[in-house]
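Novice: When you number the sequence shown by the working numbering, it's gap-free, plus one each residue, and the end is 1152.
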Amino acid sequence: MEDQNKDTVTDDRSITNEEVEVIDSTDQEITESNETDSASMEELKAENQALKAEKDEVFNRLLRLQAEYDNFKKRSQKEKEAERKYKSQDLINELLPALDNFERALQVEVTEANSNLFDGITMVYRQLQDALVSQGLEVIETEGQAFDPNLHHAVMQIEDDEMESNIVVEELQKGYQLKDRVIRPAMVKVNK
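1. Classify residue 1118 as buried or exposed, calling it buried when 16 or more other Cβ atoms lie within 10 Å of its own Cβ.
2. Expressed to the nearest angstrom, what Euclidean distance is found between the alpha-carbon atoms of residue 1083 and residue 1090?
3. If you scan the stretch 1052-1101 from start to end, which runs of the beta strand (DSSP E) of 3 or more residues do you find wholly inside it?
4. So what does DSSP say about residue 1111, is it helix, strand or coil?
5. Between residue 1098 and residue 1133, is the Cβ-Cβ spacing less than 7 Å?
6. At what residues does the beta strand (DSSP E) containing residue 1152 begin and finish?
7. Tell me, please, whether the stretch 1109-1125 touches the stretch 1143-1151 by the rule of three or more beta-carbon pairs shorter than 8 Å.
8. To the nearest angstrom, how far is it from the Cα of residue 1086 to the Cα of residue 1061?
9. What does DSSP give as the partner residue(s) for residue 1118 in the beta ladder?
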């Protein structure tokens, strides 16, 4: 029986040694696992920071794109409004020489022989003028006005001491503006 007890003691010691080895290896694995978890945690934190920075960048880019889109819409709306406002400008520009010719025709001396023709020309001139005015055409006032290079085109200068300087003395050709845009400046004679 002593042999059996010795065997049991020996077995108990060997079990204890095995258990110690298992515990040591488990401690080592836990330490390695903690180190790995710690390194992994640092990597995750760094990745999280990088993702936050990328999210912020994308969000800022989105805000800029939204602002650009809003500006584009406003600009497009203004262009459409201007297009509607000045849609008849090309046609009016082509009709201005005809209007000038009607005005010249109306300056002819009226006789009994041409009075009917004169009346017809006057009616057509007024109709054309009314149609153009209804589209927003306005005559630029010139004589006696201060010279404005935005509205007037000086083709001659005179020197008259009785008049103020830089005043339009005579209109040589009418100027027109469509609503608030000058489409043809008036040709004028200006006092120095």
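Beta carbons are placed, not taken as given, at the ideal position from N, Cα and C, and that holds for glycine.
Specialist: Taking the coordinates as given:
1. exposed
2. So the two alpha carbons sit approximately 10 Å from each other.
3. Secondary structure remark: continuous beta strand (DSSP E) runs of at least 3 residues inside the stretch 1052-1101, in chain order: 1097-1099.
4. coil
5. Taking a C-beta distance under 7 Å as the contact criterion, residue 1098 and residue 1133 do not qualify as a contact pair.
6. Where residue 1152 is concerned, there is no enclosing beta strand (DSSP E), given that its DSSP letter is neither H nor E.
7. They touch, by the three-pair rule.
8. 13 Å
9. Residue pairing by DSSP places residue 1118 opposite 1151 in a beta bridge.
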